[in-house]
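Engineer:
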Amino acid sequence: MDVTGQTFATAVIERSKQVPVVVDFWAEWCGPCRQLGPVLERAVADRGGRIELVRVDTDRNPGLAQAFRIQGIPAVKAFKDGTVVSEFTGALPAPAVEQFLDGLLPSEADGLVADGDEAALRRALELEPGRADAAVPLAKLLYARGERDAAAAILENVSGSFAADGLLARIGLERDAIGSAGTTAADTASAGTPAAAAPELSEAFAALDAGQTERGIDLLIEAIPTADGARDEIRKVIVGVLDELGSDTDLARAARRRLAAALY
Numbered sequence: 089m090d091v092t093g094q095t096f097a098t099a100v101i102e103r104s105k106q107v108p109v110v111v112d113f114w115a116e117w118c119g120p121c122r123q124l125g126p127v128l129e130r131a132v133a134d135r136g137g138r139i140e141l142v143r144v145d146t147d148r149n150p151g152l153a154q155a156f157r158i159q160g161i162p163a164v165k166a167f168k169d170g171t172v173v174s175e176f177t178g179a180l181p182a183p184a185v186e187q188f189l190d191g192l193l194p195s196e197a198d199g200l201v202a203d204g205d206e207a208a209l210r211r212a213l214e215l216e217p218g219r220a221d222a223a224v225p226l227a228k229l230l231y232a233r234g235e236r237d238a239a240a241a242i243l244e245n246v247s248g249s250f251a252a253d254g255l256l257a258r259i260g261l262e263r264d265a266i267g268s269a270g271t272t273a274a275d276t277a278s279a280g281t282p283a284a285a286a287p288e289l290s291e292a293f294a295a296l297d298a299g300q301t302e303r304g305i306d307l308l309i310e311a312i313p314t315a316d317g318a319r320d321e322i323r324k325v326i327v328g329v330l331d332e333l334g335s336d337t338d339l340a341r342a343a344r345r346r347l348a349a350a351l352y
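First residue of the sequence shown? That's 89 in our numbering, and the numbers climb one at a time after it.
1) Restricting to runs no shorter than 4 residues, where is the alpha helix (DSSP H) found entirely within the segment 94 to 182?
2) With a Cβ-Cβ cutoff of 8 Å, do Ala-99 and Thr-146 count as a contact?
3) Short check: CB of Ile-322 to CB of Ile-312, under 8 Å?
4) Less than 8 Å between the CB atoms is what I'm expecting for Ala-227 and Ala-208, so what's the real figure, rounded?
5) Could you name the residues of the same chain whose beta carbon sits closer than 8 Å to that of Pro-162, not counting the 5 residues immediately before and after it, in chain order?
6) Go to Gly-304, then tell me how far its alpha helix (DSSP H) extends in each direction, as first and last residue.
7) Per the DSSP calculation, Asp-90 is bridged to which residue(s)?
8) Straight-line CA distance for Gly-93 to Asn-149?
9) Tell whether a beta-carbon distance below 8 Å holds between Asp-237 and Gly-328.
10) Would you kindly report the start and end of the unbroken alpha helix (DSSP H) that includes Asp-205?
11) Span of the alpha helix (DSSP H) holding Asp-338?
12) What does the alpha-carbon distance come out to for the pair Ala-284 and Asp-198?
13) Ordered along the chain, which non-local residues of its own chain (more than five positions away) have a Cβ less than 8 Å from that of Glu-216?
14) To the nearest angstrom, how far is it from the Cα of Thr-301 to the Cα of Leu-243?
15) Using the C-alpha atoms, what's the distance from Val-201 back to Ala-241?
16) Where does Ser-290 fall in DSSP's three states?
17) If you run the structure through DSSP and keep just helix, strand and coil, what is Arg-219?
18) If we ignore side chains and look at the alpha-carbon of each, how far apart do Arg-135 and Thr-171 end up?
19) Given a cut-off of 8 Å on the beta-carbon distance, is the pair Val-91 and Val-144 in contact?
20) Using beta carbons (cut-off 8 Å, strictly below), is Asp-338 in contact with chain B?
21) I need the DSSP call for Pro-194, collapsed to helix, strand or coil.
22) Under the three-state reduction of DSSP, which class applies to Arg-210: helix, strand or coil?
23) Is DSSP giving Val-246 helix, strand or coil here?
24) Suppose you measure from the CA of Ala-292 to the CA of Ala-349; what does that come to, to the nearest Å?
25) Taking the alpha-carbon of Asp-316 as reference, which of Arg-345, Leu-261, Leu-339, Pro-225 has the nearest alpha-carbon?
26) Going straight from the alpha carbon of Thr-332 to that of Val-132, what length do you get?
27) How is Ala-298 classed by DSSP in three states: helix, strand or coil?
What follows is the structure in structure tokens.
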């Protein structure tokens, strides 16, 4: 399908929110473009509607060529969720085109994460160890049934995830509270209930577990001035909650301001 400046937003940007859209920037006079075009068409057709292909004639649509900084053709750009996620320039051979397209499709682990049950999440982590969107929900399942050490072991393999760091910090705070109270983690785990935290934190954790996010965050922030060595761990818990809440909410913005004031 040929698209123009008038149809690009609908045919590419909006459509890519449902399925990956590959855009072939070409021109009639371009020999390599005529070589690449059929290769792209066959490869996309072989994927049974999981990817869509459109073409942009750069001579007839110079505005689009300029907007996407096309300096040589053929130029291929792949869109997902409204943005360019992958691209190449030149007439690649068929195997390279196949590899390019396969990189746009969900992996086996992606499908397992979407399933979301414990077995699927475990399998996803076997395929892609340390994957945060599998590790965090699996750790939450384990934590909820009292398997805190197992949850912590999974989270320790994750990097770059505020949610993972936050839950791991909470487990550590509760473990420290149990130790200081003379109760073993095994005793608490056998009861099948979340570990008790220090008094000033247990109410905050209870509020979070009850879905009272704002109250839980408020209580955690209020605990920071007297937390001594636990300040950074409490900070991680709060940041993890805010990360899952979303950065563009009024609650998150206000909480970040209060957190910064409490810390600094």
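Cβ coordinates follow ideal geometry from the N, Cα and C atoms, glycine included. Given the structure is predicted, the values throughout are model-derived calculations rather than measurements.
Structural biologist: This is what the structure gives:
1) Secondary structure within the segment 94 to 182: the alpha helix (DSSP H) runs of 4 or more consecutive residues, fully enclosed, are 119 to 133, 150 to 155 (chain order).
2) No, the pair does not count as a contact, with Cβ atoms beyond the cut-off.
3) The answer is yes: Cβ separation under 8 Å.
4) That belief does not hold up - the Cβ atoms of Ala-227 and Ala-208 are roughly 15 Å apart, past 8 Å.
5) Same-chain partners within the cutoff: Asp-112, Phe-113, Trp-114, Cys-118, Pro-120, Cys-121, Leu-124, Gly-125, Thr-177, Gly-178, Ala-179.
6) Gly-304 -> alpha helix (DSSP H) spans 301 to 311.
7) Paired residues: Arg-143.
8) Going by the C-alpha atoms only, they are around 6 Å apart.
9) Note that the C-beta distance between Asp-237 and Gly-328 is not below 8 Å.
10) For Asp-205, there is no enclosing alpha helix (DSSP H), as DSSP marks it with neither H nor E.
11) Per DSSP, Asp-338 belongs to the alpha helix (DSSP H) from 338 to 351.
12) Model confidence at Ala-284 stands at a pLDDT of 44, short of 50, so the residue's coordinates are unreliable; what they give is reported in the following sentence. Their Cα atoms are separated by approximately 35 Å.
13) Excluding residues within five positions, the ones whose Cβ falls inside 8 Å are Ser-195, Ala-197, Ala-222.
14) Their Cα atoms are separated by approximately 22 Å.
15) Those two C-alpha atoms are separated by around 19 Å.
16) Correct three-state label for Ser-290: helix.
17) It is coil, neither helix nor strand.
18) Each residue's alpha carbon lies about 21 Å from the other.
19) Between Val-91 and Val-144, the CB-CB gap stays under 8 Å.
20) The structure shown has no chain B; it contains just one protein chain.
21) Judged by DSSP in its simplified three-state form, Pro-194 adopts coil rather than helix or strand.
22) Of the three classes helix, strand and coil, the one that applies to Arg-210 here is helix, per DSSP.
23) Three-state DSSP puts Val-246 in coil, outside helix and strand.
24) In a straight line, the C-alpha of Ala-292 is about 19 Å away from that of Ala-349.
25) Looking only at Arg-345, Leu-261, Leu-339, Pro-225, the smallest Cα-Cα distance to Asp-316 is reached by Leu-261.
26) It is Glu, not Thr, that sits at residue 332 in the sequence shown. Glu-332 and Val-132 have their alpha carbons spaced roughly 36 Å apart.
27) Reduced to three states, the DSSP call for Ala-298 is coil.
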